[in-house]
Structures are given as structure tokens and as C-alpha cells.
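Report on one structure; see the data block that follows.
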Ligand SMILES: [Zn+2]
Ligand SMILES: [Zn+2]
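Residue numbers (my numbering): 365 to 861.
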């Protein structure tokens, strides 16, 4: 198979539409030797006598295939030959009309239909729509079958490294998001309305994390070419009877039926990691008294926190005037408990938007909070790598909030450095805040005794190491009692393992 053909898999579902697709493997499926049984080629000739006819060829679909990527290699209309590909599985028609497309169990390039890749004999109907009188040629249909659902290659919306802003937690009307209809009624909120709201906030990425469903992924693939400045990350809020966990980076099935015995939440984490995804614990603090069934983290006694990649330290779901508002400190306490144990889950934000961006108060909306991730490019693998590395800060009031960067030497938040006993470590803090918010530095979860002042957007802090394990993180606070910090960073880790 040619490298050109491999590159043609580069676009998530929409290969025929986008031209700027790049190869990006890091953080995703490990490379393995190609399985020749999964590579199929069908060859044929194109002659003027075939004009206005169909020619059927067949191939065998093995058991256990989750995704197929198809490309027709033919001389093309420029050379007077126009051939189309119709696809029929053993049971039904799957679609016709494109020269490059993918079909998987949950997604497909339109006009092809997603669904099970039924084992058995598949038929391909080649339509000879036009062949110029003197034209002669050959066609080859390349079919790449995969036992994994997610594409090996992903779209890159921006190839530059930098800080990218997004929201890692949102819902559509496919589960429980509701917004106003044209006539003003509350109706299931369309996916596009959420995406329009995220785009209007100038977010760079959005994880749509509907509850216990894979049904949204096909629509996300269809609309990604239109939203070519908003990276859509495959996500799911796996909603168990004992707590909610966000999973980012897979379209595969995740077993929400975790119970105390047998399959537990730790097995669920393993299942997600086997699909090269990250997991996060969401809004762990909700009470266990029936007001929000299953919302609090009831798995705490048995959770293996070493399997937890992130903790939602700021959840944006608020119902003002009701109990349904995050407590003071939001999700920070559980996060710091894990840091104190020597674990390094990344602190992230999640808007938990349920209204398609309709703002009922200043606390509502997509991107409130905004999670800002340093990534080598704007692609799903790169954003997930940045989250895993802890290269993250959180603007709790939305994307227009101030930046806050904590560094020492070439290390940034999320990184670990060594500092021998007696060594002095110089930290730098940078912000573009103009509101006069106060800088707070925390050492091992406690505010340091003498807080540095910010001057012209910069501050510094010297710390003498005792050789032990510590973490330092930064916040800006505006002094409103009980309010979340305006912005907070992940820690820099000292003498970590
Ligand atoms: Zn939830
Ligand atoms: Zn949610």
C-alpha cells in the first residue's frame, strides 16, 4: 500500500472534504506490523464499452472489524473517466457517491451509513457514469480494515505549538441538554447549537461528553469540516450509579455498568486506557441524598487514584438560588488529597453545559470554566498529551479571563524538577490580569507565608529546597468570599518520582 494512501486516512470521517490533514500518532494506538488480511485491493479496467453500466466485485469482511477506510484510485474525470463506488454489506445497502470514505460501527462519511461491519461477503458496485470515447484506464479500490474503532490519524486544525483554550465537559440534546425552541419551549438541544456557542466563545477545542452514548460521534464527524477552528474531541461522561467520569479520546464502548463487585470503576479506567483515552473524576462533591442520584463520587473507598489522569477541579454547573451550586473550593480538595499522596492527576475544568450556550447567569455558558492546554499542535492527540502532562491552567470565568503562567527555568506547570537540599529555586509568574486580582501561591496545598506582588504582569518567588517532595501552584483571586479563583494553574512538582 502506498504512503499516499496511508496519508489519505488522515481525516476523521471527512477525507473528501478537507485537504490539510496531517499524520499524528503520538498518544494513540501503538504501531504494530500491518496485518495483510486487513488490506484488500480490488482491480478493474475502464473502457468506453462500460459507460452507463455497473460492475460488481466482492470481498470478504472478517469477524471483529470496527472500521473500514476506502479509497478509489482511478484516472478521474480530468482524464475522461468518472467512476463511483456503491457499497453493500451482506444485509443492506450502505451508501454510494464518494471516492474516499470511511465506515465504522458508530460513524461514517456521508452519504455512507454507520453501523455493524457485518462479517461475510460484501459487494462493491462500480458505476461507470462517464467514459470519454477514447479513454482507457484501470481502477484500484483500496480497502483498509481495522479492529479498532478510532482512526489512526487525526485532523490537525493548527500545526503550531501554543496555549489552546477549550471546554472538556458539555452535553447535547442527545442526552439531557435542553434549550429554547423557535416557539420558546424547552426542547432537546441540537448539537449544532452547542458548537455554535463554543465557536462564538472563540474556543479552540470542545469535548462533547454526552452520558453513556456513542450516538453523537457521527454528527461531530459530519460537522467538523464546518467548524474548522473548533477541534471536536470525542468524549463521553460515563455515568455510573456511583459517580461520573469523563473519558476523552475514544469513540469505543465504555461499560457504565460498573458495580461494587466484579467490574469496578478501576476496570472502567483500564477499559478507557486500553482505548488510549484519558479519564477524569467529575464533580465528586455532590451529596448522596437523592437530589442528584449518582452524581457524587461514591467510588471513593475503592478508587485506585493512580489510574486517574485528571480531576475536575472546577465544574461550571450552577443553579443559582438552589443547592445545586458547587461548594467553596469546588473540586480542589480531592485533587490536593491525591497530590499529597504523590500522585499527579491534572487539574482541569469542565463547563458541564446543558443549555446549548444559553446564559441564564454570568456563571453559565460553554467555556465557563475554560481549560487552557499547552499542546504541540491543535489536534486530539496533542491536546490529550498536554492534559496528561499537566500543562494546563484554568480560567474559571471563561475564555476572556486572564492568563496565568508558572515556570522555573524551562519547566512549566505540570513538569517535575529536582532540587537538592539547600538549592534555591526561582519561580516566575506571568499574567495579563488588569483587574487587580491578588496572586496566591500554594506550597503543598497551603498558602505561602509571604505572597509575592505582581508588577507589570510579572512576579517572582525564591524557595529554598529541603530536598523533599513538594508541589507549588498559583492562583489569582478577586476576594469574593466563597467564589472560585479567577484563574489557577497546575503545580510544578519538586523532587517527584
Ligand atoms: Zn456529571
Ligand atoms: Zn455532565
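Note that the Cβ used here is the ideal one computed from N, Cα and C, for glycine as well. Since this is a predicted model, take the numbers as computed values, not measurements.
Scan the segment 441-492 and note each continuous beta strand (DSSP E) run of 3 residues or more that stays entirely inside, going in chain order.
The beta strand (DSSP E) runs of length 3 or more contained entirely in the segment 441-492 are, from start to end of the chain, 445-452, 457-460 and 464-468.
For residue 842, which of helix, strand or coil comes out of DSSP?
Locating residue 842 in the chain shown gives position 478, where the first residue counts as 1. Judged by DSSP in its simplified three-state form, residue 842 adopts coil rather than helix or strand.
On the three-pair Cβ rule with 8 Å, is the segment 490-497 touching the segment 443-451?
Enough Cβ pairs lie closer than 8 Å, so yes.
Could you say which of 552, 542, 776 and 838 lies nearest to residue 804 if we only look at CA atoms?
For this step, residue 804 is matched to residue 440 along the chain shown. Minimum Cα distance to residue 804 is reached at 838.
By the three-class DSSP mapping on this structure, what secondary structure does residue 743 have?
Counted from its first residue, the chain shown places residue 743 at position 379. Note: residue 743 maps to strand in three-state DSSP.
Are three or more beta carbon pairs between the segment 663-677 and the segment 631-649 nearer than 8 Å?
yes
Ordered along the chain, which non-local residues of its own chain (more than five positions away) have a Cβ less than 6 Å from that of residue 828?
Counted from its first residue, the chain shown places residue 828 at position 464. Closer than 6 Å at Cβ, skipping near neighbours: 788.
Reference residue 560, options 595, 418 and 475, closest by Cα
The residue labelled residue 560 in the question sits at position 196 within the chain shown. That would be 595, whose Cα lies nearest to the Cα of residue 560.
Reduced DSSP category for residue 587 - H, G, I as helix; E, B as strand; rest coil
Locating residue 587 in the chain shown gives position 223, where the first residue counts as 1. In this structure, residue 587 counts as helix in the three-state DSSP scheme.
Under three-state DSSP, which class holds residue 634?
By 1-based counting over the chain shown, the position of residue 634 is 270. Helix, per DSSP.
Kindly indicate which three-state DSSP category residue 750 falls into: helix, strand or coil?
Mapped onto the chain shown, residue 750 falls at position 386. Helix.
Status (buried if at least 16 other CB within 10 Å, exposed otherwise) for residue 681:
Counting from one through the chain shown, the residue named residue 681 turns up at place 317. Buried, since its Cβ has 16 or more Cβ neighbours within 10 Å.
Residues in the same chain with beta-carbon distance under 8 Å from residue 418, minus the five sequence neighbours each way, listed in chain order, please.
In the chain shown, counting from the first residue as 1, residue 418 sits at position 54. Counting only Cβ-Cβ distances below 8 Å, and skipping sequence neighbours, we find 450, 489, 490, 491 and 492.
Check whether the Cβ of residue 535 sits closer than 8 Å to any heavy atom of ligand 2, and report yes or no.
Position 171 of the chain shown, counted from the first residue, corresponds to residue 535. The answer is yes for residue 535.
Can we say the segment 569-588 touches the segment 601-612, given the rule of at least three CB pairs closer than 8 Å?
yes
Nearest candidate by alpha-carbon position, reference residue 422, set 468, 505 and 415:
Taking the first residue of the chain shown as position 1, residue 422 is located at position 58. For the residues 468, 505 and 415, the minimum Cα distance to residue 422 belongs to 505.
Among the candidates 468, 420 and 699, whose CA atom is the shortest distance from the CA of residue 615?
In the chain shown, the residue the question calls residue 615 occupies position 251. Closest in C-alpha terms to residue 615, from the list 468, 420 and 699, comes 468.
Let me check one thing: in DSSP terms, what residues is residue 438 bridge-paired to?
For the purposes of this step, residue 438 is identified with residue 74 of the chain shown, where counting begins at 1. According to DSSP, which records beta bridges pairwise, residue 438 is partnered with nothing at all.
Is the distance from the Cβ of residue 414 to the Cβ of residue 452 below 9 Å?
Here residue 414 corresponds to residue number 50 of the chain shown, with the count starting at 1. Here residue 452 corresponds to residue number 88 of the chain shown, with the count starting at 1. Contact flag unset, no.
Any chance the segment 501-518 sits against the segment 688-698, with 3 or more Cβ pairs inside 8 Å?
no
Kindly identify the DSSP beta-bridge partner or partners of residue 673.
In the chain shown, counting from the first residue as 1, residue 673 sits at position 309. Answer is none; residue 673 lacks a bridge partner.
Should residue 646 be counted as a contact of ligand 1 given a C-beta to heavy atom distance under 8 Å?
Residue 646 sits at position 282 when you count from the first residue of the chain shown. Yes, Cβ of residue 646 sits closer than 8 Å to a heavy atom of ligand 1.
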